[in-house]
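Asks: Sending over a structure as C-alpha coordinates; questions will come in a sec.
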Amino acid sequence: MPVKRLVVGCIAAILMVCLAASIFFVGHAQSLPAPTIDRVGFPAGYKDTFHLLYTFDNYQNRQIRKVYGNDAAASVNPGQVFNFPYGSIVLFESYTVQEDSAGEPVLDANGRFIPVNLTTIFVMRKEQGFGTDYKELRNGEWEYVSYRPDGTTAHPPRVPAVAHSAI
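Residue numbers (the numbering used here): 1 to 167.
Below is the structure:
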(Lines of atoms letter the chains of each structure in order from A and count residues from 1; the text may use other names and numbers.)
(Lines give C-alpha, C1' and ligand atoms only; values in the text may rest on other atoms or scores of the structure.)
Protein backbone atom coordinates (compact mmCIF):
# COMPACT_ATOMS: atom_id res chain seq x y z
CA MET A 1 0.00 0.00 0.00
CA PRO A 2 1.93 3.06 -1.19
CA VAL A 3 -0.30 5.50 0.73
CA LYS A 4 0.28 3.71 4.03
CA ARG A 5 4.04 3.74 3.37
CA LEU A 6 3.78 7.49 2.73
CA VAL A 7 1.93 8.03 6.03
CA VAL A 8 4.45 5.96 7.92
CA GLY A 9 7.24 7.79 6.13
CA CYS A 10 5.74 11.07 7.33
CA ILE A 11 5.66 9.74 10.89
CA ALA A 12 9.28 8.65 10.62
CA ALA A 13 10.27 12.02 9.16
CA ILE A 14 8.51 13.88 11.99
CA LEU A 15 10.28 11.74 14.57
CA MET A 16 13.65 12.26 12.93
CA VAL A 17 13.17 16.03 12.62
CA CYS A 18 12.18 16.25 16.28
CA LEU A 19 15.10 14.13 17.36
CA ALA A 20 17.54 15.98 15.12
CA ALA A 21 16.33 19.27 16.55
CA SER A 22 16.71 17.87 20.04
CA ILE A 23 20.39 17.16 19.44
CA PHE A 24 20.84 20.91 18.98
CA PHE A 25 19.31 21.48 22.41
CA VAL A 26 21.10 18.70 24.32
CA GLY A 27 23.48 21.20 25.86
CA HIS A 28 20.54 23.21 27.12
CA ALA A 29 18.42 20.31 28.34
CA GLN A 30 18.92 21.17 32.01
CA SER A 31 17.04 24.43 31.51
CA LEU A 32 14.34 23.14 29.20
CA PRO A 33 11.00 22.06 30.63
CA ALA A 34 10.42 18.30 30.67
CA PRO A 35 8.66 15.64 32.73
CA THR A 36 10.44 14.50 35.89
CA ILE A 37 9.06 10.95 35.72
CA ASP A 38 8.72 8.40 32.93
CA ARG A 39 5.01 8.00 32.16
CA VAL A 40 5.69 6.50 28.72
CA GLY A 41 7.04 3.14 29.90
CA PHE A 42 9.14 0.75 27.89
CA PRO A 43 6.77 -1.49 25.87
CA ALA A 44 8.33 -4.90 26.61
CA GLY A 45 7.49 -7.42 23.91
CA TYR A 46 6.69 -4.72 21.35
CA LYS A 47 8.12 -6.79 18.49
CA ASP A 48 5.42 -9.39 19.15
CA THR A 49 2.52 -6.97 19.63
CA PHE A 50 3.30 -3.81 17.62
CA HIS A 51 3.09 -3.43 13.85
CA LEU A 52 6.27 -2.73 11.91
CA LEU A 53 5.18 0.36 10.01
CA TYR A 54 8.28 1.40 8.16
CA THR A 55 12.02 0.79 7.80
CA PHE A 56 14.14 3.76 6.81
CA ASP A 57 17.79 3.74 5.76
CA ASN A 58 19.09 7.11 6.92
CA TYR A 59 21.99 7.96 4.62
CA GLN A 60 22.84 11.20 6.43
CA ASN A 61 23.82 9.54 9.69
CA ARG A 62 24.29 5.98 8.40
CA GLN A 63 21.63 4.45 10.60
CA ILE A 64 18.59 2.27 10.13
CA ARG A 65 15.33 3.36 11.72
CA LYS A 66 12.53 0.85 12.20
CA VAL A 67 9.22 2.44 13.15
CA TYR A 68 6.63 0.43 15.06
CA GLY A 69 3.15 1.31 16.30
CA ASN A 70 0.70 -0.32 18.64
CA ASP A 71 -2.82 -1.10 17.39
CA ALA A 72 -4.05 2.42 18.20
CA ALA A 73 -1.21 4.11 16.29
CA ALA A 74 -1.47 1.68 13.38
CA SER A 75 -5.20 2.40 13.04
CA VAL A 76 -4.64 5.96 11.82
CA ASN A 77 -5.96 6.58 8.30
CA PRO A 78 -3.63 8.19 5.73
CA GLY A 79 -5.53 11.50 5.81
CA GLN A 80 -5.33 11.76 9.60
CA VAL A 81 -1.65 11.25 10.38
CA PHE A 82 -1.69 14.06 12.94
CA ASN A 83 -4.83 12.81 14.65
CA PHE A 84 -3.61 9.81 16.63
CA PRO A 85 -6.06 8.47 19.23
CA TYR A 86 -5.24 8.39 22.93
CA GLY A 87 -3.29 5.27 23.77
CA SER A 88 -1.16 5.54 20.62
CA ILE A 89 2.43 4.44 21.06
CA VAL A 90 4.95 5.00 18.28
CA LEU A 91 8.39 3.51 18.73
CA PHE A 92 11.46 3.57 16.60
CA GLU A 93 14.61 1.58 16.84
CA SER A 94 17.94 3.05 15.79
CA TYR A 95 20.61 0.69 14.43
CA THR A 96 24.22 1.18 13.41
CA VAL A 97 25.03 -0.27 9.99
CA GLN A 98 27.74 -2.45 8.54
CA GLU A 99 30.45 -0.41 6.82
CA ASP A 100 33.22 -1.33 4.40
CA SER A 101 36.91 -0.49 4.93
CA ALA A 102 36.32 3.01 3.51
CA GLY A 103 33.54 3.69 6.04
CA GLU A 104 30.76 3.42 3.47
CA PRO A 105 27.58 1.48 4.29
CA VAL A 106 27.44 -2.09 2.96
CA LEU A 107 24.21 -2.88 1.15
CA ASP A 108 22.36 -6.19 1.09
CA ALA A 109 20.97 -7.88 -2.05
CA ASN A 110 17.95 -5.51 -1.93
CA GLY A 111 20.10 -2.38 -1.78
CA ARG A 112 19.33 -1.77 1.92
CA PHE A 113 21.67 -1.08 4.82
CA ILE A 114 22.69 -4.08 6.91
CA PRO A 115 21.97 -3.60 10.64
CA VAL A 116 24.78 -4.21 13.13
CA ASN A 117 23.73 -3.01 16.59
CA LEU A 118 20.45 -1.78 18.02
CA THR A 119 21.57 1.32 19.92
CA THR A 120 18.50 3.21 21.09
CA ILE A 121 14.74 2.79 21.21
CA PHE A 122 12.77 6.05 21.14
CA VAL A 123 9.17 5.84 22.32
CA MET A 124 6.41 8.42 22.16
CA ARG A 125 3.03 7.92 23.82
CA LYS A 126 -0.19 9.91 23.60
CA GLU A 127 -2.49 10.00 26.60
CA GLN A 128 -4.99 12.51 27.92
CA GLY A 129 -3.14 15.18 29.92
CA PHE A 130 0.32 14.13 28.74
CA GLY A 131 2.81 16.78 27.66
CA THR A 132 2.00 19.55 30.14
CA ASP A 133 5.48 19.41 31.71
CA TYR A 134 7.02 20.44 28.39
CA LYS A 135 5.31 23.84 28.75
CA GLU A 136 6.12 26.03 25.69
CA LEU A 137 7.73 23.03 23.98
CA ARG A 138 4.54 20.99 24.28
CA ASN A 139 3.60 19.01 21.20
CA GLY A 140 0.03 18.00 21.92
CA GLU A 141 -0.59 15.28 24.48
CA TRP A 142 2.58 13.30 23.79
CA GLU A 143 5.48 12.36 26.03
CA TYR A 144 8.82 10.97 24.89
CA VAL A 145 11.52 8.74 26.37
CA SER A 146 14.65 7.11 24.96
CA TYR A 147 15.60 3.65 26.14
CA ARG A 148 18.49 1.26 25.78
CA PRO A 149 17.76 -2.08 24.10
CA ASP A 150 17.48 -3.75 27.54
CA GLY A 151 14.56 -1.43 28.42
CA THR A 152 16.40 0.83 30.86
CA THR A 153 16.10 4.56 30.26
CA ALA A 154 18.91 5.93 28.13
CA HIS A 155 18.35 9.42 29.55
CA PRO A 156 16.37 9.92 32.79
CA PRO A 157 13.95 12.87 32.82
CA ARG A 158 15.55 16.30 33.41
CA VAL A 159 18.97 15.09 32.25
CA PRO A 160 20.20 15.96 28.75
CA ALA A 161 17.88 13.68 26.82
CA VAL A 162 17.43 13.37 23.10
CA ALA A 163 13.80 12.34 23.42
CA HIS A 164 12.80 15.00 25.98
CA SER A 165 14.82 18.07 25.20
CA ALA A 166 13.19 19.70 22.20
CA ILE A 167 10.05 17.79 21.33
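Yeah, the Cβ is synthetic: ideal placement off N, Cα and C, and Gly gets one too.
For clarity, every value in this text was computed on a predicted model and none was experimentally measured.
Apart from the five residues just before and just after PRO149, which ones in its own chain have a Cβ nearer than 7 Å to its Cβ?
Replies: Only LEU118, ILE121 meet the Cβ criterion.
Asks: What separation, rounded to the nearest whole angstrom, lies between the Cα atoms of PHE24 and GLY129?
Replies: Only weak support is given to the placement of PHE24: the predicted model assigns it a pLDDT of 41, under 50, and the question is left unresolved by the model.
Asks: Do the region 58-69 and the region 85-102 make contact, defined as three or more Cβ pairs closer than 8 Å?
Replies: As far as the Cβ criterion goes, the region 58-69 touches the region 85-102, which means the pair count is three or higher.
Asks: Beta-carbon within less than 6 Å of THR55's beta-carbon, same chain only, minus the 5 sequence neighbours each way: which residues are those?
Replies: LYS66.
Asks: Using the Cα positions of LEU52 and MET124, report the straight-line distance between them to the nearest angstrom.
Replies: Straight-line Cα distance between these residues: approximately 15 Å.
Asks: For the candidate residues THR36, ALA44, PRO33, LEU32, whose alpha-carbon lies nearest to that of TYR147?
Replies: Ranking THR36, ALA44, PRO33, LEU32 by Cα distance to TYR147 puts ALA44 first.
Asks: Whole angstroms is fine: what's the gap from PHE77's alpha carbon to ASN83's?
Replies: Checking the sequence shown, residue 77 turns out to be Asn, not Phe. Cα to Cα, the separation comes out at about 9 Å.
Asks: Given GLU132, which residues of its chain have a CB within under 8 Å of its CB, disregarding the five upstream and five downstream residues?
Replies: Looking at the sequence itself, residue 132 is Thr, so the reference to Glu does not match. Hits under 8 Å: ARG138.
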